[in-house]
């Protein structure tokens, strides 16, 4: 893994920023394809949505991490809040603020919000999968020690090595990226194969991702402190997200059936 691709003078071009930018652009491109294939003319809004939601997602991911996970540190280092290359981007905050921004955009332009959320759900999870590649290159979102010779040994310059030293760690971010690709395929299959109410595909996306994230939290080595003594912060937010999405999935189904 390479944190720094090259330098322009003293300015480092970081793999993390490049891959994150690439993930937003590719997710926007896939979203454009899906919206155009849908045939309702929403594709003309996708580039704007990608820009607004991408920037909002980056901001939400960073602020969620700063205020919910690392405030004890950043409250004394306010000038480092935007130093994302140090590690510290929480996908929960990114998805939340990104989706809220998208909903606001759809409302303003009088688009069918729930339908467009269904259309773009596969593109969102694809962006998350590529984002985990950035985590791997940056050495964050790492796993706990495996206690064996199996695992990833991170370079000394990474947060993972600073936390655990030179010992093999579970490839938590790699497996999450791979599971995100599986979810991407499942959402495409679901939309193409099963009749569903508006909003159900997006609810399914939230459920599948939260279930995967909850399971992988058992292997994570960052933010391992327990909430209420038995779940990590990531598992807590995943459990809440899954529950809300599960309720929404069946409520949307019931409303559709009545209509």
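Residue numbers (the UniProt record's numbering): 1 to 259.
A virtual CB, placed ideally from N, CA and C, is assigned to each residue, including glycine.
Check your understanding: Excluding five sequence neighbours on each side, which residues of the same chain lie with their C-beta closer than 8 Å to the C-beta of residue 168?
Key -> Taking the chain shown and counting its residues from 1, one reaches residue 168 at position 168. Only 145, 146, 148, 149, 150, 151, 152 and 153 meet the Cβ criterion.
Review point. Where residue 16 and residue 253 are concerned, what is the direct C-alpha to C-alpha distance, given to the nearest angstrom?
Key: Position 16 of the chain shown, counting from 1, holds the residue named residue 16. Position 253 of the chain shown, counting from 1, holds the residue named residue 253. Roughly 40 Å separates the two Cα atoms.
Exercise for review: Return helix, strand or coil for residue 66, following the three-state DSSP convention.
Suggested key: The residue labelled residue 66 in the question sits at position 66 within the chain shown. Note: residue 66 maps to helix in three-state DSSP.
Review point. Short check: CB of residue 72 to CB of residue 89, under 7 Å?
Key: Translated into the one-based positions of the chain shown, residue 72 becomes position 72. Translated into the one-based positions of the chain shown, residue 89 becomes position 89. In this structure, residue 72 sits away from residue 89, with a CB-CB distance that is not shorter than 7 Å.
Check your understanding: Between which two residues does the beta strand (DSSP E) containing residue 152 stretch?
Key -> Locating residue 152 in the chain shown gives position 152, where the first residue counts as 1. Taken as a continuous stretch (DSSP letters only), residue 152 belongs to no beta strand (DSSP E), as it is neither H nor E.
Review point. Run through DSSP, which three-state label would residue 89 get?
Key: In the chain shown, residue 89 corresponds to position 89, counting from 1. Reduced to three states, the DSSP call for residue 89 is coil.
Exercise for review: Classify residue 195 as helix, strand or coil using the three-state DSSP reduction.
Suggested key: Residue numbering aside, residue 195 sits at position 195 when the chain shown is read from its first letter. Correct three-state label for residue 195: coil.
Exercise for review: Could you check which residue in 7, 92 and 100 has the C-alpha nearest to that of residue 209?
Suggested key: By 1-based counting over the chain shown, the position of residue 209 is 209. Here the closest residue by C-alpha is 92.
**Study point:** Rounded distance between the beta-carbons of residue 197 and residue 255, thought under 8 Å
**Key:** Locating residue 255 in the chain shown gives position 255, where the first residue counts as 1. Locating residue 197 in the chain shown gives position 197, where the first residue counts as 1. Correct: roughly 7 Å between the Cβ atoms.
**Study point:** Per DSSP, the bridge partner or partners of residue 4
**Key:** Mapped onto the chain shown, residue 4 falls at position 4. Answer is 14, bridged to residue 4.
Practice item. Could you tell me which residues DSSP pairs with residue 145 in its beta bridges? Key: As a working note, residue 145 is residue 145 in the chain shown. Answer is 169, bridged to residue 145.
**Study point:** Alpha-carbon to alpha-carbon, residue 114 and residue 239
**Key:** Indexing the chain shown from 1 puts residue 239 at position 239. Indexing the chain shown from 1 puts residue 114 at position 114. Near 23 Å, if we compare the C-alpha coordinates of residue 114 and residue 239.
Check your understanding: Using CA coordinates, which residue listed in 51, 190, 248 and 213 is at the minimum distance from residue 20?
Key -> Locating residue 20 in the chain shown gives position 20, counting from the first residue. Nearest of 51, 190, 248 and 213 to residue 20, Cα basis: 51.
Practice item. Determine, using beta carbons only, whether residue 143 and residue 123 come nearer to each other than 7 Å. Key: The residue you call residue 143 lines up with position 143 of the chain shown. The residue you call residue 123 lines up with position 123 of the chain shown. Not in contact: residue 143 and residue 123 (Cβ atoms no closer than 7 Å).
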